[in-house]
Amino acid sequence: MKKLFAHLSHYKKECILAPLLKCLEALVDLFVPLCMANLVDIGIKNNDTGYIFKIGVALLLLALGGLVLSVIAQYFAAKAATGVASDLRHALFAHIQSLSFQTQDTLGTDTLITRLTSDINQTQTGINMALRLLLRSPFIVFGAMIMAFRVDAPSAVTFAITIPVLAVIVYGIMWITVPLYKKVQQRLDKVVGSTRQNLTGVRVIRAFNLEDSETEEFHASNEALTAANVHVGRFSALTNPLTLVVVNLAAAYLLYIGAIRVDAGELSQGQVIALLNYMAQILVELVKLANLIITITKAVSSAGRIETILNTEPGMQDGTDTQAPADNSVVFDNVSFEYAGGGDEVLTDISFEAAPGQTIGIIGGTGSGKSSLVNLIPRFYDVTSGRLLVGGKEVQSYDLQTLRGSIGAVLQKAVLFKGTIRENLAFGNESATEADMWDAINAAQAAEFVNQKGLDFELEQGGKNLSGGQRQRLGIARALVRKPGILILDDSASALDFATDAALRKAIHALPYHPTIFIVSQRVASIMYADEILVLQDGMLVGRGKHDELLQTCETYRDICKSQFKEEEVKA
159 MKKLFAHLSH YKKECILAPL LKCLEALVDL FVPLCMANLV DIGIKNNDTG
209 YIFKIGVALL LLALGGLVLS VIAQYFAAKA ATGVASDLRH ALFAHIQSLS
259 FQTQDTLGTD TLITRLTSDI NQTQTGINMA LRLLLRSPFI VFGAMIMAFR
309 VDAPSAVTFA ITIPVLAVIV YGIMWITVPL YKKVQQRLDK VVGSTRQNLT
359 GVRVIRAFNL EDSETEEFHA SNEALTAANV HVGRFSALTN PLTLVVVNLA
409 AAYLLYIGAI RVDAGELSQG QVIALLNYMA QILVELVKLA NLIITITKAV
459 SSAGRIETIL NTEPGMQDGT DTQAPADNSV VFDNVSFEYA GGGDEVLTDI
509 SFEAAPGQTI GIIGGTGSGK SSLVNLIPRF YDVTSGRLLV GGKEVQSYDL
559 QTLRGSIGAV LQKAVLFKGT IRENLAFGNE SATEADMWDA INAAQAAEFV
609 NQKGLDFELE QGGKNLSGGQ RQRLGIARAL VRKPGILILD DSASALDFAT
659 DAALRKAIHA LPYHPTIFIV SQRVASIMYA DEILVLQDGM LVGRGKHDEL
709 LQTCETYRDI CKSQFKEEEV KA
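Mapping of the sequence shown onto this note's numbering: residues 159 to 730, in sequence order.
Written out as structure tokens, the structure reads:
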């Protein structure tokens, strides 16, 4: 909870004024039963109209004063709660951005989304309610007991017995429900994960006619969430009836004792009314307190889940070298890599060197580790063993922004953001001129459709209003706008026809700043003219050399070529 309190400290004034004003409002409420007692015992008993009028005015002023104090307190509480929620969202989002891919994979996207949305909303509600009622309700409860002793000490003993009993009930229910609400949030994670998976993969689900099975799976996770909510709800639902039973029994006892003592002349009718009013105030406030505790329980559980993410280490330490790589060379020196919890190594003892300006083609079967290899260069993941050098220095020594600022990466899935084409290209280089953008667009073979649509054409989320090939070409253009020293194309031309793919490779090779290029592809045609081709199989480097050399020395490469070309086209 330290992180939450750190954000609350930015709103010290609001956090002090909101409960303080609420306590003042409570103090005003505590004087109302005394006024009512005087109204009955003096005004009505003596038929004193002037006194009744004065008490009425006093009650009206008390009501107006309480209203003003309440509104101001609500304002400060809302300001603090929404401010803390806003700060938490910014802090959590920024922290998630700093986490390595490996850490994000371990945590899961669904749980991160739940933390950013549902958990922060629960925390905001909890802070708001706590600032308004956490001090006010106990203040009223104990204040009413003190005022009851002031009215009549013997009758007030009932208050002294009732309040501890109610405290035990409320605390006991809270003790039971706190861990249960944590389980509810965990079930919610699963529902969010199932929903997200189904929405992102809806085309695949329909293509394989799996709507029924996915509906059943969602139904199962939703039923688990419902069952968890019902289970915890059964305990929470006991709060109101149990407190009502205790308070109503106490009120009945007060009426019984009060009637006897009024008849004996030991107590006035106004005093009995005041005592009952104080008991009613205790009842209302304890019901509020019970509901408040449920809300705070949820908020504490959610805040703990948020803090768990905030306390999660990024998974890789940022380097201190802010100087850009001296050249564009890349060296893999006996590099091995495995994913967290993945078991076997994905890459084993990979060694090669890419000289500045070289084009390296990477090919292999599905799951051979091609994408994993190139993801190590911008340090999306850290090597498990061995050394990876960029510009003659180990990648771990570089400041991440410096390292990635010199690399242009186009990943397997072309991801575009809602906004204009211009805004998407600016992701690669915020200071790029329009001329720089058009140079990149031309090199990426995207000029034909961008000319038609214009740079200010509005893209839907994910670029849904473009074809797959158009999305891929814009993704490549976005990387080229940066004019990177190292360019990684991870199967980024899979949706392009062969002619466009060839024109793209020719344009990239003609770039005036001569980047070191890594081309990952399933197509032999896309990498056969590379300066060096790496052939991967089961995470191991089984072939390395030019196309003609590999046809003679690497059986895996030869088999891949045979699967894509006619026998006579494969040179032995």
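Backbone N, C-alpha and C fix where the C-beta goes; we use that ideal spot for every residue, glycine too.
The model shown is predicted, which means the values in this text are computed figures rather than measured ones.
Could you tell me which residues DSSP pairs with residue i in its beta bridges?
i, result
"residue 563", "Answer is none; residue 563 lacks a bridge partner."
"residue 512", "488"
"residue 521", "693"
"residue 578", "616"
"residue 699", "694"
"residue 276", "For residue 276, which the question treats as bridged, DSSP gives no partner whatsoever."
"residue 532", "According to DSSP, residue 532 bridges with nothing at all."
So for residue i, helix, strand or coil by DSSP?
i, result
"residue 649", "coil"
"residue 526", "coil"
"residue 686", "coil"
"residue 677", "strand"
"residue 730", "Residue confidence is low: residue 730 scores 49 on pLDDT, short of 50, so the model does not pin down where it sits. Its coordinate-derived value is still stated next. Of the three classes helix, strand and coil, the one that applies to residue 730 here is coil, per DSSP."
"residue 492", "strand"
"residue 506", "strand"
"residue 237", "helix"
"residue 640", "coil"
"residue 474", "coil"
"residue 497", "coil"
"residue 550", "coil"
"residue 586", "coil"
"residue 412", "helix"
"residue 556", "strand"
"residue 543", "strand"
"residue 659", "helix"
"residue 479", "strand"
"residue 736", "Shown here, the chain extends from 159 to 730; a query on residue 736 therefore has no answer."
"residue 573", "coil"
If you count every other CB in all the chains shown that lies within 10 Å of the CB of residue i, and 16 or more means buried, which is it?
i, result
"residue 162", "buried"
"residue 713", "exposed"
"residue 730", "Residue placement at residue 730 cannot be trusted, given a pLDDT of 49 that sits under 50; the coordinates are not used to answer."
"residue 436", "buried"
"residue 165", "buried"
"residue 475", "exposed"
"residue 606", "exposed"
"residue 127", "Residue 127 lies beyond the stretch modelled for the chain, which goes from 159 to 730, so this question has no answer here."
"residue 456", "buried"
"residue 406", "exposed"
"residue 706", "exposed"
"residue 365", "exposed"
"residue 312", "exposed"
"residue 481", "exposed"
"residue 381", "exposed"
"residue 642", "buried"
"residue 583", "buried"
"residue 670", "exposed"
"residue 203", "exposed"
"residue 371", "exposed"
If you compare alpha carbons, which of the options is closest to residue i?
i, options, result
"residue 284", "459, 482, 396 and 502", "459"
"residue 492", "697, 719 and 207", "697"
"residue 350", "276, 295 and 403", "276"
"residue 571", "552, 246, 421 and 529", "529"
"residue 386", "346, 354 and 364", "346"
"residue 540", "496, 516, 568 and 200", "496"
"residue 447", "466, 517, 331 and 462", "331"
"residue 484", "560, 537 and 470", "560"
"residue 444", "398, 462, 467 and 176", "398"
"residue 175", "293, 252 and 622", "293"
"residue 703", "228, 510 and 576", "510"
"residue 428", "655, 342 and 310", "310"
"residue 686", "664, 273, 614 and 430", "664"
I want to check one thing, is the minimum distance from the CB of residue i to the heavy atoms of the ligand ADP below 8 Å?
i, result
"residue 441", "Summarising the ligand content, the structure contains no ligands, and the ligand ADP is consequently not present."
For the region 641–650 against the region 674–690, do three or more pairs of beta-carbon atoms, one drawn from each stretch, fall closer than 8 Å, so that the two count as touching?
With the cut-off at 8 Å, the region 641–650 and the region 674–690 touch.
Using 8 Å as the cut-off, can you tell me whether the region 515–528 makes contact with the region 677–696, which would need three or more C-beta pairs spanning the two stretches below that distance?
With the rule of 3 Cβ pairs closer than 8 Å, the region 515–528 counts as touching the region 677–696.
Do three or more CB pairs link the region 258–276 to the region 413–423 at distances below 8 Å?
The region 258–276, when compared against the region 413–423, does not touch it at the 8 Å Cβ threshold.
At least 3 beta-carbon pairs within less than 8 Å: the region 313–325 vs the region 350–365:
The answer is no - the region 350–365 does not touch the region 313–325, with fewer than three Cβ pairs under 8 Å.
The region 447–455 / the region 331–338 touching (three or more Cβ pairs under 8 Å)
Yes: at least three Cβ pairs fall under 8 Å.
Using 8 Å as the cut-off, can you tell me whether the region 167–187 makes contact with the region 291–306, which would need three or more C-beta pairs spanning the two stretches below that distance?
Result yes; three or more Cβ-Cβ pairs closer than 8 Å.
Can you find at least 3 beta carbon pairs, one from the region 205–213 and one from the region 239–251, that sit closer than 8 Å?
Verdict: no, contact absent.
Cβ contact (3+ pairs, closer than 8 Å) linking the region 424–436 and the region 225–237
Because the criterion of three Cβ pairs below 8 Å is not met, the region 424–436 and the region 225–237 do not touch.
Check whether the region 479–492 touches the region 530–549, counting contact only when three or more Cβ pairs, one atom from each stretch, lie closer than 8 Å.
Short answer: they touch.
Three CB pairs or more closer than 8 Å across the region 594–604 and the region 624–636
Yes, the region 594–604 touches the region 624–636.
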